[in-house]
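J.:
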Amino acid sequence: DTGVSQDPRHKITKRGQNVTFRCDPISEHNRLYWYRQTLGQGPEFLTYFQNEAQLEKSRLLSDRFSAERPKGSFSTLEIQRTEQGDSAMYLCASSPPGGTRADTQYFGPGTRLTVL
Amino acid sequence: AQSVTQLDSQVPVFEEAPVELRCNYSSSVSVYLFWYVQYPNQGLQLLLKYLSGSTLVKGINGFEAEFNKSQTSFHLRKPSVHISDTAEYFCAVINSGGSNYKLTFGKGTLLTVNP
Chain A
1 DTGVSQDPRH
11 KITKRGQNVT
21 FRCDPISEHN
31 RLYWYRQTLG
41 QGPEFLTYFQ
51 NEAQLEKSRL
61 LSDRFSAERP
71 KGSFSTLEIQ
81 RTEQGDSAMY
91 LCASSPPGGT
101 RADTQYFGPG
111 TRLTVL
Chain B
117 AQSVTQLDSQ
127 VPVFEEAPVE
137 LRCNYSSSVS
147 VYLFWYVQYP
157 NQGLQLLLKY
167 LSGSTLVKGI
177 NGFEAEFNKS
187 QTSFHLRKPS
197 VHISDTAEYF
207 CAVINSGGSN
217 YKLTFGKGTL
227 LTVNP
């Protein structure tokens, strides 16, 4: 049973560039979550999908951020016109189908973004 | 709205000593409680969770936590730590009902186990 995978693991970009991250959840997990973790802080919720439907978005997800999960499998998170404040670890998690809020969210290793 | 406070940002201990990492939460609704561990350059791994029932919850790697509703606390303990327990530990809560599925995390406690 492979875990949640994220690609790339590290991304360095210049301010103003667009970046896209990919998350592959655990097979058959229908719920997928994105979180952002900055230095010295715990992860903060960004958005959540159930299958292909994006059901919840945080106020942290400004209009420069967009997330998709087109076929209910992998997901992408795009940041347009990156700013230095976007530098963070972007974490993806998934949880199994038919579940509840009690279910464990399984986290991937994260994508570390550095905006110069 | 919910919030989680981890009272210690860093906890240094010696190997084989006991440790307690403190977590308090605030919520107007019922919640489930979680402890996650993050090793360097790795994702978060679940240590244990409290859903209902017995207030003492046992997790992996010899960790346990006790839920105290009156004090709104969920402190994590281990009777004897190892060097390999050095990591960042996060307490988190989630609504037990309602429509959202987001975890709210504390800022984390860095546990450093010294020889």
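Protein chains in written order, with our numbering: chain A, 1 to 116; chain B, 117 to 231. Ideal Cβ placement from N, Cα and C applies to all residues, glycine included.
How about residue 148(B): is its C-beta nearer than 7 Å to some C-beta of chain A?
T.: Reading the second sequence from its first residue, position 32 is the one you call residue 148(B). Yes, because at least one Cβ of chain A sits closer than 7 Å to the Cβ of residue 148(B).
J.: Looking at the structure shown, is residue 84(A) part of a helix, part of a strand, or coil, going by DSSP?
T.: Counted from its first residue, the first sequence places residue 84(A) at position 84. Residue 84(A) falls in the helix class under three-state DSSP.
J.: DSSP beta-bridge partners for residue 117(B)?
T.: On the second sequence, position 1 is the one that residue 117(B) refers to. DSSP lists no partner for residue 117(B).
J.: Give a yes or no on whether the minimum CB-CB distance between residue 210(B) and chain E is below 7 Å.
T.: Note that chain E does not occur in the displayed structure, where the protein chains are A and B.
J.: Looking at residue 94(A) and residue 118(A), is the spacing between their C-beta atoms short of 7 Å?
T.: Since the first and last residues shown for chain A are 1 and 116, residue 118(A) lies out of range.
J.: If you run the structure through DSSP and keep just helix, strand and coil, what is residue 230(B)?
T.: Reading the second sequence from its first residue, position 114 is the one you call residue 230(B). In the structure shown, residue 230(B) sits in a strand (DSSP, three-state: E or B).
J.: Just to check my reading of the structure: residue 68(A) and residue 76(A) have Cβ atoms closer than 8 Å, yes? What is that Cβ distance to the nearest angstrom?
T.: As a first step, residue 68(A) must be located in the first sequence, where it is residue number 68. As a first step, residue 76(A) must be located in the first sequence, where it is residue number 76. 5 Å between Cβ atoms; contact.
J.: Residues of chain B with a CB under 8 Å from the CB of residue 72(A): which are they?
T.: Counting from one through the first sequence, the residue named residue 72(A) turns up at place 72. In chain order: nothing, as chain B lies at least about 16 Å away.
J.: Thinking residue 118(B) and residue 220(B) are a contact (beta carbons under 8 Å), I'd like their distance in whole angstroms, please.
T.: As a working note, residue 118(B) is residue 2 in the second sequence. As a working note, residue 220(B) is residue 104 in the second sequence. Rounded, the Cβ-Cβ distance is 5 Å, consistent with contact.
J.: Do three or more CB pairs link the region 203 to 210 of chain B to the region 126 to 141 of chain B at distances below 8 Å?
T.: The region 203 to 210 of chain B is in contact with the region 126 to 141 of chain B.
J.: May I ask you to list the residues that DSSP assigns as paired with residue 149(B)?
T.: Numbered from 1 along the second sequence, position 33 holds the residue referred to as residue 149(B). In DSSP, residue 149(B) forms a bridge with 166(B) and 209(B).
J.: Which residue wins for smallest C-alpha separation from residue 65(A), given the options 43(A), 36(A), 51(A) and 50(A)?
T.: The residue you call residue 65(A) lines up with position 65 of the first sequence. Per the Cα distances, 36(A).
J.: Inspect the beta-carbon positions of residue 223(B) and residue 42(A) and report whether they are closer than 7 Å.
T.: Numbered from 1 along the second sequence, position 107 holds the residue referred to as residue 223(B). Numbered from 1 along the first sequence, position 42 holds the residue referred to as residue 42(A). Against a cut-off of 7 Å, the Cβ pair of residue 42(A) and residue 223(B) comes out as a contact.
J.: Taking 8 Å as the threshold, find out whether the region 178 to 196 of chain B comes into contact with the region 143 to 156 of chain B through three or more Cβ pairs.
T.: Counting Cβ pairs under 8 Å, three or more are found: they touch.
J.: Using a Cβ-based criterion (distance less than 6 Å to any ligand heavy atom), does residue 115(A) qualify as near the ligand FMN?
T.: What this structure holds is no ligand at all, so the ligand FMN is not there to describe.
J.: Determine, for residue 48(A), whether the minimum Cβ-Cβ distance to residues of chain B falls below 7 Å.
T.: Taking the first residue of the first sequence as 1, we reach residue 48(A) at position 48. For residue 48(A), the answer is yes, since a Cβ of chain B falls inside 7 Å of its Cβ.
J.: In the DSSP assignment, what residue or residues form a beta bridge with residue 95(A)?
T.: To locate residue 95(A), count along the first sequence from 1; it is residue 95. In DSSP, residue 95(A) forms a bridge with 31(A).
J.: How close, in whole Å, do the beta carbons of residue 62(A) and residue 47(A) come, if the pair is a contact with beta carbons under 8 Å?
T.: Here the question's residue 62(A) lines up with position 62 in the first sequence. Here the question's residue 47(A) lines up with position 47 in the first sequence. No, residue 62(A) and residue 47(A) are not in contact; Cβ-Cβ is about 12 Å, not under 8 Å.
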